[in-house]
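K.L.:
There's a structure below that I have some questions on.
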Amino acid sequence: MTSEKTIRRQSRDEQVRRYFAELESKYPQWRLAALMEKTAERFPPISAATVSMILNKSGIYK
Numbered sequence: 065m066t067s068e069k070t071i072r073r074q075s076r077d078e079q080v081r082r083y084f085a086e087l088e089s090k091y092p093q094w095r096l097a098a099l100m101e102k103t104a105e106r107f108p109p110i111s112a113a114t115v116s117m118i119l120n121k122s123g124i125y126k
């Protein structure tokens with residue numbers, strides 16, 4: 065049985081991936097670090113490092 069916390073995290077992670085993809089298509093000239101920072105600003109309290117882990121599906125963000 066999946067906990068409510070896990071479901072919320074998975075939903076947030078999907079929103080992070082979607083928002084990052086939108087930014088990437090809107091601003092193709094931006095560096096990846098800038099895209100991750102902007103994404104992290106949209107989803108506090110996560111950091112750019114957490115955004116990177118979510119995008120790479122590493123750790124608990126699989």
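First residue of the sequence shown? That's 65 in the numbering used here, and the numbers climb one at a time after it.
Each residue gets a CB set at the ideal place from its N, CA and C atoms; glycine is no exception.
Considering only residues of the same chain and omitting the five flanking positions on each side of D77, which have a CB-CB separation below 7 Å?
P.N.:
I118, Y125
K.L.:
Do we get a CB-CB distance below 8 Å when we pair M65 with the residues of chain B?
P.N.:
Given the protein chain composition of this structure (a single chain), no chain B is represented.
K.L.:
Identify whether M65 lies in helix, strand or coil by the three-state DSSP scheme.
P.N.:
coil
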